[in-house]
Amino acid sequence: MRVLGIETSCDETAVAVYDAKQGLLSHALYSQIATHAEYGGVVPELASRDHVCKTIRLVEQAMADSCSIAKDITGIAYTAGPGLAGALLVGATIGQSMGFAWGVPAIGVHHMEGHLLAPMLETCAPAYPFIALLVSGGHTLLVNVARFGSYEVLGESVDDAVGEAFDKTAKLLGLGYPGGAALAALAQKGDPKRFHFPRPMINRAGLDFSFSGLKTFAANTIGDHPLDEQTRADIACAFQEAAVETLVIKCHRALQLTGLKTLVVAGGVGANLVLREQLQHLMKAEGGAVYFPRNEFCTDNGAMIAYAGCQRLLAGERGDLTIKVFPRWSLEELICPAKPA
Ligand code: KG4
Ligand code: ZN
Numbered sequence: 003m004r005v006l007g008i009e010t011s012c013d014e015t016a017v018a019v020y021d022a023k024q025g026l027l028s029h030a031l032y033s034q035i036a037t038h039a040e041y042g043g044v045v046p047e048l049a050s051r052d053h054v055c056k057t058i059r060l061v062e063q064a065m066a067d068s069c070s071i072a073k074d075i076t077g078i079a080y081t082a083g084p085g086l087a088g089a090l091l092v093g094a095t096i097g098q099s100m101g102f103a104w105g106v107p108a109i110g111v112h113h114m115e116g117h118l119l120a121p122m123l124e125t126c127a128p129a130y131p132f133i134a135l136l137v138s139g140g141h142t143l144l145v146n147v148a149r150f151g152s153y154e155v156l157g158e159s160v161d162d163a164v165g166e167a168f169d170k171t172a173k174l175l176g177l178g179y180p181g182g183a184a185l186a187a188l189a190q191k192g193d194p195k196r197f198h199f200p201r202p203m204i205n206r207a208g209l210d211f212s213f214s215g216l217k218t219f220a221a222n223t224i225g226d227h228p229l230d231e232q233t234r235a236d237i238a239c240a241f242q243e244a245a246v247e248t249l250v251i252k253c254h255r256a257l258q259l260t261g262l263k264t265l266v267v268a269g270g271v272g273a274n275l276v277l278r279e280q281l282q283h284l285m286k287a288e289g290g291a292v293y294f295p296r297n298e299f300c301t302d303n304g305a306m307i308a309y310a311g312c313q314r315l316l317a318g319e320r321g322d323l324t325i326k327v328f329p330r331w332s333l334e335e336l337i338c339p340a341k342p343a
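Take the sequence shown: its letters are residues 3 to 343, numbered as in this note's numbering.
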């Protein structure tokens, strides 16, 4: 089974070729960040138009880089949701059309299932069952993964996603969009003792998150202080510490609740070094292990879609020829294949 994966759910156009026997053969990506940066956020119509311009070119690149020709491809996977409707439709239309033209099955993949399985692309991959912390610009989820396709959402953000809180705070600090990585870099120069930000919802039972209060706290702190370079760094540092500690506390709770010893972290915020360090520390203390994808597969990419699609195709899943996308789609709605991949 050799699968061409297409990701167009938001502001990255990405294509990859994954082979069930040989692993990842190629991946190509075009980021639209520069297009959206001047608007301070993703403009859906611009995103869709850019995907239209870039996807075919990236398909050609991924095919060439993997030394594949059309007859080598035995399946197509595209992101069917969640995401921006127009953007998703570009990948779905191209994926279904190519599947029809090449006479191979084309299936829609859940974007968050892709993120969750991204660590499987690494040489040292986790074994099921595990807890997955999915932290991106649009989602903050704790998921109990019993096996491939079986996802129980244990907790999620009741308001802003953690990446969104990073981005909004970064914007207030004048760091541009999306500013999560820039905020993390600035935080390195900060004094962790100068400000103390609240750890939202840690005193409440359960595994849900809330990040909008933390962002408001950051906005008020920024408003109350003259923004010299050191103060900006100190605020970035306090924000990051609070966000990371909140995530670590909830991961710990999820592990205690389920008795599991394996943690998987994925999504753009999974690239955050302080989060990685603290989770490594936690898992060492717990006698377990934490798995991350490499940095470029933390953020949106085609490799995770090709991999997830390949597992579903191997498990016997087949789509029909309808071009359907699901801008809102819970992981728990996914069908767990009867036959393991
Ligand atoms: O998974 P992703 O590429 O896109 C979504 O599906 O949302 O995640 C992007 C998010 C953005 O909010 C970005 O600011 C954040 O991940 N991010 C980071 C870091 N690198 C990316 N947040 C904190 N620290 C980082 N190093
Ligand atoms: Zn994503």
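All C-beta atoms, glycine included, are put in the ideal place defined by N, C-alpha and C.
Counting only runs of at least 3 residues, the region 208 to 239 fully encloses no beta strand (DSSP E) element at all. Taking non-hydrogen atoms of ligand 2 into account, the C-beta of Gly269 is found less than 7 Å away from one of them. The way I'd put it, the region 171 to 181 doesn't touch the region 298 to 313; fewer than three beta-carbon pairs between them come closer than 8 Å. In the DSSP assignment, the residues bridged to Gly7 are Ala18, Ala79. Taken through DSSP and simplified to helix, strand or coil, Ser50 comes out as helix. For Arg278, the uninterrupted alpha helix (DSSP H) run begins and ends at 275 to 288, by DSSP.
Where His38 is concerned, there is no enclosing beta strand (DSSP E), although the alpha helix (DSSP H) around it starts and stops at 35 to 39. About 13 Å separates the beta carbon of Leu265 from that of Leu259, a gap too long to meet the 8 Å contact definition. Judged by beta-carbon spacing, Thr81 lies beyond the 8 Å limit of Gly43, meaning their Cβ atoms are not closer than that value. Each of Ser138, Asp302 has a C-beta closer than 5 Å to some heavy atom of ligand 2; these make up the full list, in chain order.
With a cutoff of 7 Å, Asn146 does not count as near ligand 1, since its C-beta is closer than that to no heavy atom of the ligand. By the C-beta criterion, the region 147 to 164 is judged not to be in contact with the region 279 to 299, since fewer than 3 inter-stretch pairs fall below 8 Å.
In the three-state DSSP reduction, Phe328 falls in the coil class, being neither helix nor strand. Where Leu315 is concerned, the enclosing alpha helix (DSSP H) starts and stops at 305 to 316.
Two segments are said to touch when three or more pairs of C-beta atoms, one from each, lie closer than 8 Å; by this definition the region 154 to 164 does not touch the region 222 to 229. Segment contact: the region 3 to 20 against the region 49 to 58, three or more CB-CB distances shorter than 8 Å; contact assigned. Taking all protein chains shown into account, Asn205 has fewer than 16 neighbouring C-beta atoms within 10 Å of its C-beta and is therefore exposed. About 6 Å separates the beta carbons of Pro202 and Phe213, which is inside the 8 Å limit, making them a contact pair. By the neighbour-count definition (other C-beta atoms within 10 Å, threshold 16), Lys195 is an exposed residue. Residues Leu144, Gly157, Leu209, Phe211 of the same chain have their beta carbon placed closer than 7 Å to that of Lys252, with the five preceding and five following residues left out of the count.
Excluding the 5 residues flanking it on each side, His113 has same chain C-beta neighbours closer than 7 Å at Ser11, Thr81, Gly83, Pro84, Gly85, in chain order.
Counting of Cβ neighbours within 10 angstroms places Ala79 among the buried residues, the total reaching 16 or more. For Asp161, the shortest separation between its Cβ and any heavy atom of ligand 1 does not lie below 7 Å. Three or more Cβ pairs closer than 8 Å define a contact, and the region 34 to 49 falls short of that threshold against the region 319 to 339. Distance between Glu47 and Glu14, taken at the CA atoms: about 14 Å.
If you draw a straight line from the Cα of Cys312 to the Cα of Gly270, it is about 23 Å long.
The alpha helix (DSSP H) runs lying completely inside the region 71 to 121 and spanning 4 residues or more are 87 to 104, 113 to 119, given in chain order. Counting every other CB atom within 10 Å of its CB across the protein chains shown gives Tyr130 a total below 16, marking it as exposed. In the DSSP assignment, Gly25 is bridged to Asp21. DSSP, reduced to helix, strand and coil, places Arg201 outside both helices and strands of the structure shown, so it counts as coil. Here Arg149 carries a strand assignment [DSSP, helix/strand/coil]. For Thr171, the enclosing alpha helix (DSSP H) covers residues 164 to 174.
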